[in-house]
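Below: one structure, written as structure tokens.
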Amino acid sequence: MDAERGRPFRQYRTQDVDVPGGQLRVGIWEPAADGSGSAGDRSAPPPTALCVHGITSSHLAWTVVADQLPGWRIVAPDLRGRGRSANLPGPYGLARHADDVRAVAAAVIASPASAVLVGHSMGGFVAVALLGTGAGSADPWPGGLVLVDGGLPLPTPPGASGGEEAIRATLGPTADRLRRTFPDRAAYRDFWAAHPALSGPWPDGLAEYFDYDLRAVDPQDPAAGWRPVTDEAAMLADGVEIAEPGGGPALRAGLAALTARWGRAAGDGVVLLRAPRDLLDRPGGMYPPDWAAAHAAAVRGLTVRDVPDTNHYSLLLGGPGAAEVAAAIRAAVPGRGAQATTTAPGDGA
Numbered sequence: 001m002d003a004e005r006g007r008p009f010r011q012y013r014t015q016d017v018d019v020p021g022g023q024l025r026v027g028i029w030e031p032a033a034d035g036s037g038s039a040g041d042r043s044a045p046p047p048t049a050l051c052v053h054g055i056t057s058s059h060l061a062w063t064v065v066a067d068q069l070p071g072w073r074i075v076a077p078d079l080r081g082r083g084r085s086a087n088l089p090g091p092y093g094l095a096r097h098a099d100d101v102r103a104v105a106a107a108v109i110a111s112p113a114s115a116v117l118v119g120h121s122m123g124g125f126v127a128v129a130l131l132g133t134g135a136g137s138a139d140p141w142p143g144g145l146v147l148v149d150g151g152l153p154l155p156t157p158p159g160a161s162g163g164e165e166a167i168r169a170t171l172g173p174t175a176d177r178l179r180r181t182f183p184d185r186a187a188y189r190d191f192w193a194a195h196p197a198l199s200g201p202w203p204d205g206l207a208e209y210f211d212y213d214l215r216a217v218d219p220q221d222p223a224a225g226w227r228p229v230t231d232e233a234a235m236l237a238d239g240v241e242i243a244e245p246g247g248g249p250a251l252r253a254g255l256a257a258l259t260a261r262w263g264r265a266a267g268d269g270v271v272l273l274r275a276p277r278d279l280l281d282r283p284g285g286m287y288p289p290d291w292a293a294a295h296a297a298a299v300r301g302l303t304v305r306d307v308p309d310t311n312h313y314s315l316l317l318g319g320p321g322a323a324e325v326a327a328a329i330r331a332a333v334p335g336r337g338a339q340a341t342t343t344a345p346g347d348g349a
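Heads up: the sequence shown begins at 1 in UniProt numbering, then just goes up one per residue.
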């Protein structure tokens, strides 16, 4: 990280973890080493968050949040079919991603039972599904869970019949870009700068996140351009599953496990941070207020909290939104309980 730009100096590295079919790329931010990060007692292991990105994203989506947690160890994989894990074969789906995330925890985190699991967008679905693939309330990992605008069943967009049509309607240009070729990295940054959900100044690290998202069409011919690295087949396979009414079997099993684990613990439940605006910065959000409230009420142990003035992207990639995510992660440390103020879901934008 760049201390000269006001960011805490910390070691960032990548590690490849063996999973079925090959290796999964994992990004790791170690705690700040210059005293600015309040890393605490160096003889004790730092608090750790394992962060899971969204459907067409990569581990660098967590850069802005990592900057808000300088005393923490942040572990974030590129999911199968994304980032530098794009060449891993299918099958895809929530259960497969959950297995991959478990492999990351076992390989990289010394004490998974003390770690906080965090998921944004589809990463929230993966995090919930992971609960259902473990031993339920008897499984000590994760120690805490934070969901960021994901992890509950999605409403079907108006006019969509479900399946691929529903997920393409939900994602809009985010999905369409996977078929586009860009002449250079600058053009790809311009695409995102023009996106209604990401207007305004970008925090440090966001440009690098977008650059990482590209691969050369022909490494021997720069004129051939650049394309997003996410495998479209992976996006569609996962998208069809999360667009399924009720979220599909893996999500339903995970939500049941969430209730078994946290439903009886007053003050120690799971928070879902909801953005009041959607992927195109439109009011209502990916989870409309009434929809979010109804589904959260059906899951004991889950509280929905709105983060005003955010959309689905800025909640994670913008400075104020990332600060709220970081605060929720701190509050989810095992034994501390949920310390953030909760509000009923509403259209707070």
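C-beta atoms are modelled at their ideal positions from N, C-alpha and C, and glycine is treated no differently.
Whole-number beta carbon distance between residue j and residue i, since they are thought to touch under 8 Å
i	j	result
L94	L50	Rounded, the Cβ-Cβ distance is 16 Å, inconsistent with contact.
residue 352	R13	Because the chain here runs from 1 to 349, residue 352 falls outside it and cannot be looked at.
A250	T170	Not confirmed; about 19 Å, so no contact.
L24	S85	5 Å
As assigned by DSSP and simplified to three states, the class of residue i
i	result
Y92	coil
G319	helix
Y209	helix
S38	Interpretation of S38 is limited by its pLDDT of 48, a score under 50 that renders its predicted location unreliable; no figure is taken from the coordinates.
D18	strand
P158	coil
V52	strand
D67	helix
V325	helix
P26	According to the sequence displayed, residue 26 carries Val and not Pro. Looking at V26 - three-state DSSP - the assignment turns out to be strand.
V148	strand
G119	strand
W62	helix
residue 350	The structure shown does not extend to residue 350, since the chain spans only 1 to 349, so no value can be given for it.
D100	helix
V333	coil
Cβ pair residue i, residue j closer than 8 Å
i	j	result
M334	G143	What sits at residue 334 in the sequence shown is Pro, not Met. Yes.
V26	T48	no
G254	L79	no
V307	R274	yes
H312	A197	yes
Min CB distance residue i to chain B below 8 Å
i	result
T156	The structure shown contains no chain B, having only a single protein chain.
Distance between residue j and residue i (C-alpha atoms, nearest Å)
i	j	result
W226	L178	11 Å
A332	L145	6 Å
A106	Y188	36 Å
Q68	G205	12 Å
S199	L302	32 Å
F182	T174	14 Å
G90	L236	12 Å
A39	P45	Per-residue confidence for A39 stands at a pLDDT of 46, beneath the threshold of 50, marking its modelled position as unreliable; the derived number appears in the next sentence. Taking the straight line from one Cα to the other gives about 10 Å.
residue 371	A223	The question about residue 371 has no answer here: the residues shown for the chain are numbered 1 through 349.
V17	A103	7 Å
residue 387	H53	Not covered by the structure: residue 387. The range shown for the chain is 1 to 349.
S137	T259	Residue confidence is low: S137 scores 46 on pLDDT, short of 50, so the model does not pin down where it sits. Its coordinate-derived value is still stated next. Answer to the nearest angstrom: the Cα atoms are 8 Å apart.
W262	H195	38 Å
A297	D184	47 Å
R82	S57	7 Å
S114	E232	35 Å
L272	D221	45 Å
H59	P77	5 Å
D238	P201	31 Å
L154	G246	8 Å
Any non-hydrogen atom of the ligand SAH within 7 Å of residue i CB
i	result
W72	Of the ligands one can find in the structure shown there are none, so the ligand SAH has no counterpart to examine.
Note to self: Taking 8 Å as the cut-off, does the segment 144 to 157 touch the segment 109 to 128 (at least 3 CB pairs, one atom from each stretch)?
What the structure shows: yes
Check: So does the segment 155 to 164 actually touch the segment 202 to 215, counting three or more Cβ pairs closer than 8 Å?
Finding: For the pair of segments examined, the segment 155 to 164 was found not to touch the segment 202 to 215: the number of CB pairs separated by less than 8 Å stays below three.
Check: Is the number of C-beta pairs between the segment 312 to 326 and the segment 288 to 304 that are closer than 8 Å three or more?
Finding: no
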